[in-house]
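Engineer:
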Amino acid sequence: MTLSRRRFLTISAAASVALPAQAQATEPAIWHGRALGADVSLRVEGLAPAASARLWRRVARVLEEVEARFSLFRRSELVRLNETGILAHPSADMRALIALSGQLNTATGGAFDPSVQVIWQALSEARDPSKARQLVGWQKVEIDADRIRLAPGAALTFNGIAQGFAADQIAALMRQEGLGNVLIDAGEVAALGHGAGGHPWRAGIAGPDGALLAERPLANRALATSSPAATRVGPDRAAHILHPDGRAPLWQTVSVSAPTAALADGLSTAFCLMKDHEIMQALAAFPGTRLEYLG
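Set out below in structure tokens:
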């Protein structure tokens, strides 16, 4: 697998302190895969080699389930909702992500809004996004216990939160397996326990060009980093993190740590569009969250 420079720096920065200079008696088990358009890597301390093949199969199944819910590039639950405007009997995962999206939308004053997918589509096709903005608004999404309904022409994307959700799902699997020292990088980073020698895992914060900006110790927490310019949309190369009202991002790179990767992911996405005092207010709504980098 070929890793981008941005992803390589994140992973290598995490590993550099986790492994002491001297050789280890037991090497960590390492797995690489891919989900939701991102490279995924796991580093597990204390896993017997004979158990690794079975664990990797379970990890692959977890990621397959996440793709089946939230991918925009296959016949997922999300695609069916966007195509038909209604999703009956949504899965527990879909309900969980919808609920968290609503909390984030409220706490960020609307900056986090999965309904911006129609704006992204307009920009990618070089269309005027002004008409698409009229369809945007989380408050227009009808959410019931057994149904989700969109307004005609509306569409959702969970690209600002689903990678974090994937990391959380893998973390839950690791706990079920009794594995307490694991580093998960699914586009956003979740760290369980510690690395080799009892040292905290360390995660790198990379800018849009892949340059390493900072490192943070991480133990039983998650870290998410968002850079609007890391991905560009359409022939006009618009930043991929979009505000519903069209305002431009205010920050080049934002990194947030939180108890869960989905929460860190959603907050780091929204904070790219928010003023610093608004960011502090939003953090107060979610105990245990921290702003790790803003620049």
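Numbering (mature numbering (1 follows the signal peptide of the UniProt record, and there is no 0)), first residue to last: -23 to -1, 1 to 272.
Just so it is clear, CB atoms sit at the ideal spot from N, CA and C, and this is done for glycine as well.
Report the three-state DSSP secondary structure of Pro185 (helix, strand or coil).
Structural biologist: The residue labelled residue 185 in the question sits at position 208 within the sequence shown. Pro185 falls in the coil class under three-state DSSP.
Engineer: Can Gln140 and Glu165 be called in contact, C-beta distance under 8 Å?
Structural biologist: Numbered from its first residue, the sequence shown carries residue 140 at position 163. Numbered from its first residue, the sequence shown carries residue 165 at position 188. For Gln140 and Glu165, yes; Cβs fall inside 8 Å.
Engineer: Would you mind giving the Cβ-Cβ distance between Ala144 and Ala206, rounded to the nearest angstrom? I have them listed as a contact below 8 Å.
Structural biologist: The residue you call residue 144 lines up with position 167 of the sequence shown. The residue you call residue 206 lines up with position 229 of the sequence shown. Taking C-beta atoms under 8 Å as the contact rule, Ala144 and Ala206 fail to qualify, at a distance of about 23 Å.
Engineer: Have a look at Arg209 and Leu100 and give me their C-alpha separation to the nearest angstrom.
Structural biologist: Numbered from 1 along the sequence shown, position 232 holds the residue referred to as residue 209. Numbered from 1 along the sequence shown, position 123 holds the residue referred to as residue 100. Computed Cα separation, rounded: 10 Å.
Engineer: Where does Pro26 fall in DSSP's three states?
Structural biologist: The count along the sequence shown starts at 1 and reaches residue 26 at position 49. Three-state DSSP puts Pro26 in a helix.
Engineer: Start and end of the alpha helix (DSSP H) containing Ala139?
Structural biologist: The residue you call residue 139 lines up with position 162 of the sequence shown. Here the alpha helix (DSSP H) through Ala139 covers Ala139 to Gln153.
Engineer: Kindly identify the DSSP beta-bridge partner or partners of Leu194.
Structural biologist: For this step, residue 194 is matched to residue 217 along the sequence shown. Per the sequence shown, the amino acid found at residue 194 is Pro instead of Leu. Paired residues: Arg179.
Engineer: Taking the C-alpha atoms as reference points, what is the distance between Leu244 and Phe89?
Structural biologist: The sequence position of residue 244 within the sequence shown is 267, counting from 1. The sequence position of residue 89 within the sequence shown is 112, counting from 1. Near 8 Å, if we compare the C-alpha coordinates of Phe89 and Leu244.
Engineer: Where does the unbroken alpha helix (DSSP H) through Arg57 begin, and where does it stop?
Structural biologist: Within the sequence shown, residue 57 is the residue found at index 80, counting from 1. Its alpha helix (DSSP H) spans residues Glu54 to Thr61.
Engineer: For Arg193, is the classification buried or exposed, using 16 other Cβ atoms within 10 angstroms of its Cβ as the cut-off for buried?
Structural biologist: As a working note, residue 193 is residue 216 in the sequence shown. Label assigned to Arg193: buried.
Engineer: Which residues in the same chain as Val113 place their Cβ atom closer than 7 Å to its Cβ, once the five residues preceding and following it in sequence are excluded?
Structural biologist: Within the sequence shown, numbered from 1, the residue matching residue 113 stands at position 136. The answer, listed in chain order, is Asp90, Ser92, Val93, Val95, Ile96 and Pro221.
Engineer: If we count the other Cβ atoms within 10 Å of its Cβ and call it buried at 16 or more, is Asp162 buried or exposed?
Structural biologist: Numbered from 1 along the sequence shown, position 185 holds the residue referred to as residue 162. Buried is the call here.
Engineer: Are there 16 or more other CB atoms within 10 angstroms of the CB of Phe263, so buried, or fewer, so exposed?
Structural biologist: If you number the sequence shown from 1, residue 263 lands on position 286. It counts as buried.
Engineer: Here's a check: name, in chain order, each residue in its chain whose Cβ is nearer than 8 Å to the Cβ of Ala225, leaving out the five neighbours to either side.
Structural biologist: Locating residue 225 in the sequence shown gives position 248, where the first residue counts as 1. Result list for Ala225: Ala216, in chain order.
Engineer: List the endpoints of the continuous alpha helix (DSSP H) containing Ile96.
Structural biologist: Start at 1 with the first residue of the sequence shown, and residue 96 comes out as number 119. Unbroken alpha helix (DSSP H) run through Ile96: Gln94 to Ser101.
Engineer: Between the C-alpha atoms of Ser48 and Pro236, what's the straight-line distance to the nearest angstrom?
Structural biologist: Here residue 48 corresponds to residue number 71 of the sequence shown, with the count starting at 1. Here residue 236 corresponds to residue number 259 of the sequence shown, with the count starting at 1. Answer to the nearest angstrom: the Cα atoms are 24 Å apart.
Engineer: Between Asn158 and Gly23, which are expected to be in contact by the criterion C-beta below 8 Å, what is the C-beta distance as a whole number of angstroms?
Structural biologist: The count along the sequence shown starts at 1 and reaches residue 158 at position 181. The count along the sequence shown starts at 1 and reaches residue 23 at position 46. Their Cβ separation, rounded to whole angstroms, is 6 Å, which keeps Asn158 and Gly23 in contact under 8 Å.
Engineer: Cβ atoms of Tyr270 and Ile182: under 8 Å apart, would you say?
Structural biologist: Within the sequence shown, the letter at position 205 stands for residue 182. Within the sequence shown, the letter at position 293 stands for residue 270. A contact, by the Cβ cut-off of 8 Å.
Engineer: DSSP three-state label for Asp123, please.
Structural biologist: What you label residue 123 is simply residue 146 of the sequence shown in a count that begins at 1. Correct three-state label for Asp123: coil.
Engineer: Who does Gly10 pair with in a DSSP beta bridge?
Structural biologist: Walking along the sequence shown from the start, residue 10 turns up at place 33. Answer is Val17, bridged to Gly10.
Engineer: Determine the closest residue to Ile120 out of Ile75, Asn82, Ser29 and Gln80, with distance taken between C-alpha atoms.
Structural biologist: The count along the sequence shown starts at 1 and reaches residue 120 at position 143. Closest option to Ile120, Cα to Cα, is Ile75.
Engineer: Which value, in whole angstroms, describes the spacing of the CA atoms of Ala196 and Val233?
Structural biologist: Taking the sequence shown and counting its residues from 1, one reaches residue 196 at position 219. Taking the sequence shown and counting its residues from 1, one reaches residue 233 at position 256. One C-alpha to the other measures close to 14 Å.
Engineer: When the Cα of Ala167 is compared with those of Leu13, Arg20 and Pro212, which residue comes out closest?
Structural biologist: Residue mapping note: residue 167 aligns to position 190 of the sequence shown, counting from 1. Measuring from the Cα of Ala167, the nearest candidate turns out to be Arg20.
Engineer: Quick test of your reading: Asn59 and Leu13, contact by CB under 8 Å. State the CB separation rounded to the nearest angstrom.
Structural biologist: As a position in the sequence shown, residue 59 is number 82, starting the count at 1. As a position in the sequence shown, residue 13 is number 36, starting the count at 1. Not a contact, Cβ separation roughly 16 Å.
Engineer: With a 10 Å radius around its C-beta and 16 neighbouring C-beta atoms as the bar for buried, classify Thr202 as buried or exposed.
Structural biologist: The residue you call residue 202 lines up with position 225 of the sequence shown. Classification for Thr202: buried.
Engineer: For the beta strand (DSSP E) holding Ala167, just list the boundary residues, first then last.
Structural biologist: Position 190 of the sequence shown, counted from the first residue, corresponds to residue 167. Run containing Ala167: Val166 to Leu169, per the beta strand (DSSP E) assignment.
Engineer: Using 8 Å as the threshold, is the C-beta distance between Leu200 and Ala241 below it?
Structural biologist: Along the sequence shown, read from residue 1 onward, the residue named residue 200 stands at position 223. Along the sequence shown, read from residue 1 onward, the residue named residue 241 stands at position 264. Against a cut-off of 8 Å, the Cβ pair of Ala241 and Leu200 comes out as a contact.
Engineer: Can you tell me the Cα-Cα spacing of Leu268 and Glu44, whole angstroms?
Structural biologist: Start at 1 with the first residue of the sequence shown, and residue 268 comes out as number 291. Start at 1 with the first residue of the sequence shown, and residue 44 comes out as number 67. In a straight line, the C-alpha of Leu268 is about 29 Å away from that of Glu44.
Engineer: Within its chain, find whatever has a CB closer than 6 Å to the CB of Cys249; leave out the 5 residues flanking it on each side and keep chain order.
Structural biologist: Locating residue 249 in the sequence shown gives position 272, where the first residue counts as 1. Hits under 6 Å: Ser203, Pro205, Ile218, Pro226, Trp228 and Val231.
Engineer: Can you give me the start and stop residues for the alpha helix (DSSP H) that Ser232 sits inside?
Structural biologist: As a working mapping, residue 232 is identified with position 255 in the sequence shown. From DSSP, Ser232 is part of no alpha helix (DSSP H) but of the beta strand (DSSP E) over Val231 to Ala235.
Engineer: Which of helix, strand or coil does DSSP assign to Leu268?
Structural biologist: Residue 268 sits at position 291 when you count from the first residue of the sequence shown. Reduced to three states, the DSSP call for Leu268 is strand.
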